[in-house]
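J.:
Number of protein chains: 2
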Amino acid sequence: MSSSSTPPRRGEKSEAAPVKPPMRDALVAAAFQLFLERGYEQTTVDDIVTLAGVGRRSFFRYFPSKEDVVFPDHERCLADVTAFLAAEDGTAEPVRRVCEAVRLVLRMYTENPGFSVQRYRLTKQVPGLRAYELSVVWRYERAFADHLRARLAGQPDGSLRADVIAAAVAAAHNNALRSWLRADGEGDVHTEMDHALGYVQSTLGPAPDGGPAEEPKDVVVVVSRRGAPLWRVVQQIEATLEK
Amino acid sequence: MSSSSTPPRRGEKSEAAPVKPPMRDALVAAAFQLFLERGYEQTTVDDIVTLAGVGRRSFFRYFPSKEDVVFPDHERCLADVTAFLAAEDGTAEPVRRVCEAVRLVLRMYTENPGFSVQRYRLTKQVPGLRAYELSVVWRYERAFADHLRARLAGQPDGSLRADVIAAAVAAAHNNALRSWLRADGEGDVHTEMDHALGYVQSTLGPAPDGGPAEEPKDVVVVVSRRGAPLWRVVQQIEATLEK
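Protein chains in written order, with our numbering: chain Y, 1 to 243; chain D, 1001 to 1243.
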């Protein structure tokens, strides 16, 4: 791919390359101005390129369809997520790693809160965009599940756990994200996200003192029926401490 | 709705009513014959009604679009799932109840294994159908999450847990279902489903003998740093047992 056909992406560094006209961002801005003024369905690609002052071919160079201009950064983000997971060397705890990967998606939203809130409102109103968003979420979830399936291969229920954990991570992320978007991007979404992903890790991740190579061995947990004689409980504690 | 506009549905009993011509089933059968012979994209609604020997209006009386004929029973099943959850009187354990609800979806697939396997292959080939299926899965997941949100209202993290559990139940169901469909509908999918849903219940449901308001208080959990003196650990156990 020649550099002239590669659009500069939001947040991408290009220190040596000459600064390019931000035509892609201008198209996104023009599109959202029209979507908000006229509605999504009533806006055509011709309307968008006219307002942005470019030709139709420029639009389709950046976006395959009108729907894609609503989610301009997901392809980059999906590539980032996939690369982040692929860069894992096989030592990280898999559930934690996927939780770290989903934070890249959150970062995309928090890079531009105003835009994210606008898009959230638009997506709620237009069924076609909702369907598009579901397909995007599904692609993230597949990336998580593929990574987990590879990491859990050979373990009991590896494929089942991969699918369930991937879905749980996506659902927890979306729960915290939607709550923030509904609040117009106000509040500390990062703390909320820590909490939501912490719930997934504590329920579906390795046991608190069982994760191989994860947890220090300085905590003892004793579970005992209330009816058990105390001497047996103490015996069990001593036996555990001596191990 | 007059009875003449209500199509008989697969598996629906109509003992008193006169038997109606199974036009809806004939349309589904004609559609799948053509999809398999020519491909989904190459088949038009006109082709389907010609083969079934009915008019276009009959098709659209039963199905809003060509996509809907591929998933003829999901609307009924969604209604069944919603009714099943709504009929709950507030005493069932919520995660278990949602796992029971998702078995209604499995039943729809196992009612007609040959048809389900055909559709699975078709859906994998046609991106538009894949998107349609994602939107159907999303509607089941919403039904589960809405039920759980109402049942977990007021509990810590009720909304978060509702979303995560709903997604996990759907993912576990789809994992077992897909495995069966990939095996051409061979094997014991019900046992596989029990196992998959058992995983979700054991990880995200109430603790085996510990859910608040669910289970009696017959378990003591002591967490202690390994460095703590034993007398302090014993003191803590005694204090807890005396409460």
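Glycine included, each C-beta is placed from N, C-alpha and C at the ideal position.
Just so it is clear, the structure is predicted and the values come from calculations on it, not from any experiment.
Round the Cβ separation of V1095 (chain D) and L1027 (chain D) to the nearest angstrom and send it over; I've been treating them as touching at under 8 angstroms.
T.: Their Cβ separation, rounded to whole angstroms, is 39 angstroms, which puts V1095 (chain D) and L1027 (chain D) out of contact at 8 angstroms.
J.: Answer with yes or no whether the minimum CB distance from V1081 (chain D) to chain Y is below 8 angstroms.
T.: Closer than 8 angstroms: no.
J.: Output, in chain order, the set of chain D residues within a Cβ distance shorter than 9 angstroms of Y199 (chain Y).
T.: By Cβ distance, chain D contributes D1157, L1160, R1161, V1164.
J.: Can you name the residues of chain D whose CB is closer than 7 angstroms to the CB of L152 (chain Y)?
T.: Going along chain D, no residue has its Cβ under 7 angstroms from L152 (chain Y), so there is no contact; the nearest lies around 13 angstroms.
J.: Starting from A1026 (chain D), follow the alpha helix (DSSP H) in both directions and report where the run begins and ends.
T.: First-last of the alpha helix (DSSP H) with A1026 (chain D): 1023-1038.
J.: W1231 (chain D) versus chain Y: which residues are under 8 angstroms apart at the beta carbon?
T.: By Cβ distance, chain Y contributes nothing, its closest Cβ being about 10 angstroms from W1231 (chain D), past 8 angstroms.
J.: Buried or exposed for T123 (chain Y), please, with buried defined as at least 16 other CB atoms from any protein chain shown within 10 angstroms of its CB.
T.: So T123 (chain Y) ends up on the buried side.
J.: Got a sec: is the Cβ-Cβ distance from N1112 (chain D) to anything in chain Y below 8 angstroms?
T.: Judged by the 8 angstroms Cβ criterion, N1112 (chain D) is not in contact with chain Y.
J.: So what does DSSP say about F1063 (chain D), is it helix, strand or coil?
T.: Three-state DSSP puts F1063 (chain D) in coil, outside helix and strand.
J.: Closer than 7 angstroms, Cβ to any Cβ of chain Y: which residues of the region 1109-1138 of chain D, in chain order?
T.: So the list reads A1131, L1134, S1135, W1138, given in the order they occur along the chain.
J.: For T191 (chain Y), would you say it is in contact with chain D, using Cβ-to-Cβ distances shorter than 8 angstroms as the test?
T.: Answer no: the Cβ-Cβ gap between T191 (chain Y) and chain D never drops below 8 angstroms.
J.: Ignore the nearest five residues each way along the sequence and tell me which others in L152 (chain Y)'s own chain have a CB closer than 6 angstroms to its CB.
T.: The answer, listed in chain order, is G158, R161, A162.
J.: Kindly confirm or deny that the region 93-110 of chain Y and the region 139-154 of chain Y touch, where touching means at least three C-beta pairs closer than 8 angstroms.
T.: Yes, they touch.
J.: Measure the beta-carbon distance from L1034 (chain D) to D1046 (chain D) and round it to whole angstroms, keeping in mind my assumption that it falls under 8 angstroms.
T.: Going by Cβ atoms, the distance from L1034 (chain D) to D1046 (chain D) rounds to 11 angstroms, so no, they are not a contact pair.
J.: Could you tell me which whole beta strand (DSSP E) segments of length 3 or greater appear in the region 144-173 of chain Y?
T.: Here no run is fully enclosed.
J.: Confirm, please, whether the CB-CB distance from E1041 (chain D) to L1129 (chain D) is below 8 angstroms.
T.: No, the Cβ-Cβ distance between L1129 (chain D) and E1041 (chain D) is not below 8 angstroms.
J.: Using the three-state DSSP reduction, which class does F1071 (chain D) fall into: helix, strand or coil?
T.: F1071 (chain D): coil per DSSP, three-state reduction.
J.: In whole angstroms, give me the CA-to-CA distance for A171 (chain Y) and A30 (chain Y).
T.: Roughly 32 angstroms between the two C-alpha positions.
J.: Are the beta-carbon atoms belonging to V200 (chain Y) and T110 (chain Y) less than 8 angstroms from one another?
T.: Going by C-beta atoms, V200 (chain Y) is not nearer than 8 angstroms to T110 (chain Y).
J.: Which runs of the alpha helix (DSSP H) at least 4 residues long sit entirely within the region 68-139 of chain Y? Give them in chain order.
T.: Listed in chain order, they are 74-86, 94-110, 113-125.
J.: Is T1050 (chain D) close to chain Y, meaning its C-beta is less than 8 angstroms from at least one C-beta of that chain?
T.: So, not an interface residue.
J.: Within its chain, find whatever has a CB closer than 7 angstroms to the CB of G1053 (chain D); leave out the 5 residues flanking it on each side and keep chain order.
T.: Cβ neighbours of G1053 (chain D) beyond the five flanking positions: none.
J.: Can you find a CB in chain D that lies within less than 8 angstroms of the CB of L204 (chain Y)?
T.: Yes, contact with chain D.
J.: Locate the alpha helix (DSSP H) running through V1189 (chain D), then write down its first and last residues.
T.: Per DSSP, V1189 (chain D) belongs to the alpha helix (DSSP H) from 1189-1204.
J.: According to DSSP, simplified to helix, strand and coil, what is T1050 (chain D)?
T.: It is helical.
J.: Grouping DSSP H, G and I as helix and E and B as strand, with all else coil, what is E1141 (chain D)?
T.: Of the three classes helix, strand and coil, the one that applies to E1141 (chain D) here is helix, per DSSP.
J.: Rounding to the nearest angstrom, what Cα-Cα distance links F1060 (chain D) and Q155 (chain Y) in this structure?
T.: Near 49 angstroms, if we compare the C-alpha coordinates of Q155 (chain Y) and F1060 (chain D).
J.: Which same chain residues, not among the five before or five after L197 (chain Y), have their C-beta less than 6 angstroms away from its C-beta?
T.: C99, A172, listed in sequence order.
J.: Can you pull the chain Y residues whose beta carbon is under 7 angstroms from the beta carbon of A1168 (chain D), in chain order?
T.: Those within 7 angstroms of A1168 (chain D) in chain Y are V164, A167, A168.
J.: If contacts are defined as beta-carbon pairs under 8 angstroms, then D184 (chain Y) and V117 (chain Y) qualify, I think. What distance do you get, rounded to the angstrom?
T.: Confirmed, Cβ separation roughly 5 angstroms.
J.: Buried or exposed: where does L230 (chain Y) fall if 16 or more other Cβ atoms within 10 Å of its Cβ makes it buried?
T.: The residue is exposed, with fewer than 16 neighbouring Cβ atoms inside 10 Å.
J.: Establish whether the CB of D1030 (chain D) and some CB of chain Y are separated by less than 8 angstroms.
T.: The residue you asked about is not Asp; residue 1030 (chain D) is Ala in the sequence shown. Chain Y contact via Cβ: absent.
J.: For A1172 (chain D), go through chain Y and note every residue whose CB falls closer than 9 angstroms to its CB, in chain order.
T.: Going along chain Y in sequence order, the residues near A1172 (chain D) (Cβ under 9 angstroms) are L160, D163, V164, A167.
J.: Are the Cβ atoms of A1207 (chain D) and M1193 (chain D) separated by less than 8 angstroms?
T.: Not a contact, by the Cβ cut-off of 8 angstroms.
J.: Measure from the alpha carbon of V70 (chain Y) to the alpha carbon of each residue in Y:W138, Y:T43, Y:I165, Y:R149, then state which is nearest.
T.: Nearest option by C-alpha distance: Y:T43.
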